[in-house]
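Heads up: the structure comes next, in structure tokens.
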Amino acid sequence: MLSHYIKNRAVNIDMLAGKARTAISAAGDAEAELELIQSESQQLLQMVRRVQSHVEDFHLIESAVSLRRILDEALRSQESLLRKKQVEIKEDYGTDVQLICDPVHLREVFVNLIRNAVEAMNGEARPKILRIGMYRFRGGVRIEFADTGKGLSKDDLEKVFSPFYTTKQTEGNFGLGLTYCFLTVQKHDGTIEAFNSEEGDVFSIKFPKKRIS
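FYI, my numbering numbers position 150 of the sequence shown as 575, with every residue one higher than the one before it.
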């Protein structure tokens, strides 16, 4: 899909460059064509930078860190947004573990999931509640983010972690946040899945026992 996007932009740049050359050779005014070329190249560069920052290969700097601490830090960073959108947080931390992880990348995963949940509940008339849970199970630890939004369709659920797939109509949203979450969790030997509940959507992350210090 990235190659398709780059190809389309490159075709436009090539076509506009050809028009500019014709205009220049004809002693005409090429300013408009050159502005369009610049606009196309800027969009291409913006996309490349965005992709690099979210889905390029990255290295983890790992240490044993309290999983609850990372969750708390992610929530604190989004306090203003949660207050503005009138989202109530309900925490159910049945446990805490020292997780061998990169706390910076993992915090960013949690921030993405919090913001995703807030956007999913935007415009809903019913109370906006984000439930965050952390539970031990035989194979490791599970973290859940459950919202009270309208819920994703079956088709959206199947594609939600795919690069550039988004259900949001906001300009500049390239659908990379959940892809980043998927890749980061995968690098931590974990899994992430999304499914519907009776109230909305649930994003569930599991880390294996070997990641627990």
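Ideal Cβ placement from N, Cα and C applies to all residues, glycine included. Quantities reported herein were computed from a predicted structural model and do not represent experimental measurements.
Please report the distance separating the alpha-carbon of residue i from that of residue j.
{"i": "E504", "j": "S491", "result": "20 Å"}
{"i": "V512", "j": "T616", "result": "27 Å"}
{"i": "G558", "j": "K575", "result": "20 Å"}
{"i": "K515", "j": "L500", "result": "11 Å"}
{"i": "E596", "j": "N541", "result": "Per-residue confidence for E596 stands at a pLDDT of 48, beneath the threshold of 50, marking its modelled position as unreliable; the derived number appears in the next sentence. Cα-Cα distance, rounded: 16 Å."}
{"i": "T604", "j": "A489", "result": "25 Å"}
{"i": "D517", "j": "D580", "result": "30 Å"}
{"i": "I637", "j": "V529", "result": "17 Å"}
{"i": "Q644", "j": "R567", "result": "No information on residue 644 is available, as it lies outside the stretch 426 to 638 that the chain covers here."}
{"i": "M426", "j": "R551", "result": "Confidence at M426 is low in this model, with a pLDDT of 44, below 50, so its placement is unreliable and no value can be given for it."}
{"i": "S578", "j": "K444", "result": "44 Å"}
{"i": "R493", "j": "I539", "result": "15 Å"}
{"i": "L531", "j": "L441", "result": "43 Å"}
{"i": "L646", "j": "H613", "result": "A query on residue 646 cannot be resolved here, the shown segment of the chain reaching from 426 to 638 and no further."}
For residue i, write down the residues that DSSP places opposite it in a beta bridge.
{"i": "S587", "result": "DSSP output for S587 lists no bridge partner at all."}
{"i": "F562", "result": "G565"}
{"i": "F644", "result": "Examination of residue 644 is not possible in this model, given that the chain is present from 426 through 638 alone."}
{"i": "D387", "result": "Past the boundaries of the shown model lies residue 387; the chain is included only from 426 to 638, so the question cannot be answered."}
I think residue i touches residue j, with their Cβ atoms under 8 Å apart; what is that distance to the nearest whole Å?
{"i": "V534", "j": "V610", "result": "6 Å"}
{"i": "K510", "j": "N547", "result": "7 Å"}
{"i": "V543", "j": "L506", "result": "6 Å"}
Determine, using beta carbons only, whether residue i and residue j come nearer to each other than 7 Å.
{"i": "L485", "j": "D527", "result": "yes"}
{"i": "K635", "j": "G564", "result": "no"}
{"i": "F607", "j": "F632", "result": "no"}
{"i": "E498", "j": "I525", "result": "no"}
{"i": "G602", "j": "Y560", "result": "no"}
Q) Any contact of the region 565-572 with the region 615-634, i.e. 3+ C-beta pairs under 8 Å? A) The region 565-572 vs the region 615-634: in contact.
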